[in-house]
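> Under our numbering, the residue at position 245 of the sequence shown is numbered 229, and the numbers go up by one with no gaps.
One structure follows; several queries about it will come next.
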Amino acid sequence: MQKSKRAGVMTKTLTGYSAFVPAKLPPEPPLEINSEMLKLLSSADRKLGRLDGVTQILPNPELFVAMYVKKEAVLSSQIEGTQASLEDILNIPDKYDEIQMSKDVKEIVNYVDAMYSGLARLETLPLSLRLIKEIHAILLSNTRGSEKNPGEFRRSQNWIGPKGSTIDTAIFVPPSVDEMAQAIGQLENFIHEEDDIPALVKIGLIHAQFETIHPFLDGNGRIGRLLITFWLCQQGILGCVVNRFVV
């Protein structure tokens, strides 16, 4: 049986290893949304509406959003192995000393700064490759990964696998540099395309495609999760009350 190429194809590079190149979005053939998915989307839409509605009735929505952003920063960074808690972040004084701050705490502080900066930039700059690179530079500033070209798409091959794995033993090898550049450009076009894809399905596709492309040498997971918030705010699905914050 011939394997489907709907998600993408494995290609042999000039140097001999195989890499996965994702297919251009939207998927072909188009997505089929069945009754079960419709129920899930309806439920998710209601919950997003409730979350957005909270910011309209609270006397101090900025405080609510600030706590949410910090919690999200902790949870997202912990996925990457960062060993710091919400309590660690809440205990940082207003005028903190970065020299005395642990690397784990600094990673979370960077995530918070990246979130605020990205949402503020959306007021003057659409969600784009330029904005993504700007946020990546903030995310990796003076912490783990700061030597891996912050703010720049990779110019060498990367791969995903256990510590010590090679490109030949990796679990997943993203597209080569040339294929990556083409794929990330196509993704930017898809982000701005007018279509009939349900919003939460579309951001799911955007997130999955970004992670598959893996355009940075480090920080792809965190940037991919930030993209979800940025896109929902740009689309007006979530109110960007965070924009009132000064980073």
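Cβ coordinates follow ideal geometry from the N, Cα and C atoms, glycine included.
Work out the CA separation of isoleucine 190 and phenylalanine 229 for me, nearest whole Å.
Interpretation of phenylalanine 229 is limited by its pLDDT of 40, a score under 50 that renders its predicted location unreliable; the figure taken from the coordinates is listed afterwards. Each residue's alpha carbon lies about 27 angstroms from the other.
> For the pair the region 118 to 133 and the region 143 to 156, tell me if three or more CB-CB distances fall below 8 angstroms.
These segments do not touch.
> Kindly list the residues whose CB is nearer than 6 angstroms to the CB of alanine 28, restricted to its own chain and excluding five residues on each side of it in sequence; keep chain order.
Excluding positions up to five away in sequence, the list reads Leu184.
> Just checking, does the region 95 to 107 make contact with the region 127 to 138 on the three C-beta pairs under 8 angstroms criterion?
The region 95 to 107, when compared against the region 127 to 138, does not touch it at the 8 angstroms Cβ threshold.
> Please report the Cβ distance between arginine 34 and proline 11, rounded to the nearest whole angstrom; I am assuming they are in contact, meaning their Cβ atoms lie under 8 angstroms.
Between proline 11 and arginine 34 the Cβ distance is about 30 angstroms, and since that is not below 8 angstroms, they are no contact.
> So, using beta-carbon positions, are asparagine 142 and histidine 198 closer together than 9 angstroms?
Yes. Within cutoff.
> Express the C-alpha separation of glutamate 91 and arginine 209 in angstroms, rounding to a whole number.
Going from the Cα of arginine 209 to the Cα of glutamate 91 covers about 15 angstroms.
> Please list the terminal residues of the continuous beta strand (DSSP E) segment that includes threonine -5.
It spans -8 to -4 - the beta strand (DSSP E) in which threonine -5 sits, taken as one unbroken run.
> Run through DSSP, which three-state label would phenylalanine 4 get?
Reduced to three states, the DSSP call for phenylalanine 4 is strand.
> Does the ligand COA have even one heavy atom less than 8 angstroms from the beta-carbon of glycine 169?
Ligands in the displayed structure: none, and consequently the ligand COA is not present.
> Please report the Cβ distance between alanine 252 and tyrosine 95, rounded to the nearest whole angstrom; I am assuming they are in contact, meaning their Cβ atoms lie under 8 angstroms.
Lying outside -15 to 231, the shown extent of the chain, residue 252 is not represented and no answer is given.
> For the region 145 to 219, which segments carrying the alpha helix (DSSP H) assignment without a break, of at least 4 residues, lie completely within its bounds, in sequence order?
Taking only runs of at least 4 residues, the alpha helix (DSSP H) segments lying wholly in the region 145 to 219 are 161 to 176, 183 to 197 and 204 to 218.
> Helix, strand or coil for leucine 59? Go by DSSP, reduced to three states.
Here leucine 59 sits in helix by DSSP.
> Let's test the definition: count the other Cβ atoms within 10 Å of the Cβ of glycine 203 and tell me whether it reaches 16, buried, or not, exposed.
Looking at its Cβ environment, which holds 16 or more other Cβ atoms inside 10 Å, glycine 203 is buried.
> Report the rounded CA-to-CA distance for glutamate 163 versus glutamate 107, giving the unit in angstroms.
Whole-angstrom Cα-Cα distance: 31 angstroms.
> If you follow the alpha helix (DSSP H) that glutamate 131 is part of, which residue opens it and which one closes it?
Careful: glutamate 131 lies outside any alpha helix (DSSP H) and carries neither H nor E.
> Given that a residue counts as buried once 16 or more other Cβ atoms are within 10 Å of its Cβ, and exposed if not, what is phenylalanine 156?
When all chains shown are included, phenylalanine 156 counts as exposed.
> Note the first and the last residue of the continuous alpha helix (DSSP H) segment covering aspartate 23.
For the record, residue 23 in the displayed sequence is lysine; it is not aspartate. Where lysine 23 is concerned, the enclosing alpha helix (DSSP H) stretches over 19 to 41.
> If you run the structure through DSSP and keep just helix, strand and coil, what is arginine 235?
In the structure as shown, the chain begins at -15 and stops at 231. Residue 235 is therefore absent and cannot be evaluated.
> Can you tell me the Cβ-Cβ gap for leucine 32 and isoleucine 221, rounded? I've got them flagged as a contact below 8 angstroms.
6 angstroms between Cβ atoms; contact.
> In this structure, how does DSSP classify arginine 139 when only helix, strand and coil are distinguished?
Arginine 139: coil per DSSP, three-state reduction.
> For isoleucine 92, name the three-state secondary structure that DSSP assigns.
Reduced to three states, the DSSP call for isoleucine 92 is helix.
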